[in-house]
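Participant:
In full-length UniProt numbering, the protein residues as written are 1 to 157.
#1: Suppose only complete runs of 4+ residues qualify. What are the alpha helix (DSSP H) ranges in the region 21-80, listed by chain order?
#2: Assign residue 24 to buried or exposed, taking buried as 16 or more other Cβ atoms, counted over all protein chains shown, within 10 Å of its Cβ.
#3: Less than 8 Å separating the beta-carbons of residue 31 and residue 13?
#4: Let me confirm a value: residue 135 is counted as buried when at least 16 other C-beta atoms fall within 10 Å, else exposed. Which label applies?
#5: Taking the straight line between their C-alpha atoms, what separation do you get for residue 91 and residue 133?
#6: In three-state DSSP terms, what is residue 7?
#7: When the Cα atoms are used, what is the spatial distance from residue 73 to residue 6?
#8: Going by beta carbon distance, what residues of the same chain come within less than 8 Å of residue 44, once the five residues before and after it are set aside?
#9: Kindly list the residues whose CB is nearer than 8 Å to the CB of residue 150, restricted to its own chain and excluding five residues on each side of it in sequence; keep chain order.
#10: For residue 102 versus residue 127, is the C-beta spacing smaller than 8 Å?
#11: What do you get for residue 97, buried or exposed, if any count of 16 or more other CB atoms within 10 angstroms of its CB means buried?
#12: Could you check the C-alpha separation between residue 64 and residue 84 for me, to the nearest Å?
#13: So, helix, strand or coil for residue 109, using DSSP?
#14: How big is the Cα-Cα spacing for residue 15 and residue 67?
#15: Given a cut-off of 8 Å on the beta-carbon distance, is the pair residue 129 and residue 119 in contact?
#16: Per the DSSP calculation, residue 135 is bridged to which residue(s)?
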């Protein structure tokens, strides 16, 4: 409670503005205490386009600028979600080794790994997913999420 009275003594009453270099991205007004969130999405095309403010020196770096006018504390989270331009990525080693194999439940010929590494399933075949994770040292707070391939649905077996 001491922390709250010290850090949150001012009731929020402010406007937050956001720019990507010279490009205005939006604003939001915050009034009173709330757990509501506000999201500003900036397309990757805008992030990757040449910077208008540094065009003369061919600088690819951009600044994300947030400005708060008013009283109260502004809490924010900045995230970058993207997909690589090529989905065929080279393997990297950061101390985790993850292997995924698929196994047909009914007929081994219905689940095949092709020479290019792409798996082919027969429609309607039950497929068992085998995930193996190996680490080079002790790790904590790790979550391994393996999404199902398109067209598959999970069975609780």
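Note that beta-carbon positions come from the ideal geometry of N, C-alpha and C, so glycine has one too.
Facilitator: Taking the definition as stated:
#1: As far as the region 21-80 is concerned, its whole alpha helix (DSSP H) runs of at least 4 residues are 44-48.
#2: The C-beta of residue 24 has fewer than 16 other C-beta atoms within 10 Å across all chains shown, which makes the residue exposed.
#3: In this structure, residue 13 lies closer than 8 Å to residue 31 by Cβ.
#4: Exposed is the call here.
#5: Those two C-alpha atoms are separated by around 15 Å.
#6: Correct three-state label for residue 7: helix.
#7: For residue 73 and residue 6, the distance between alpha carbons rounds to 11 Å.
#8: Residues of the same chain with a CB within less than 8 Å of the CB of residue 44, apart from the 5 flanking positions on each side, are 82 in chain order.
#9: Excluding sequence neighbours, residue 150 sits near nothing in its chain.
#10: Taking 8 Å as the Cβ cut-off, residue 102 and residue 127 qualify as a contacting pair.
#11: Exposed, by the Cβ-count rule.
#12: Cα to Cα, the separation comes out at about 21 Å.
#13: Collapsing the DSSP output to three states places residue 109 in a helix.
#14: Residue 15 and residue 67 have their alpha carbons spaced roughly 8 Å apart.
#15: No, they are not a contact pair.
#16: DSSP lists 96 as partners of residue 135.
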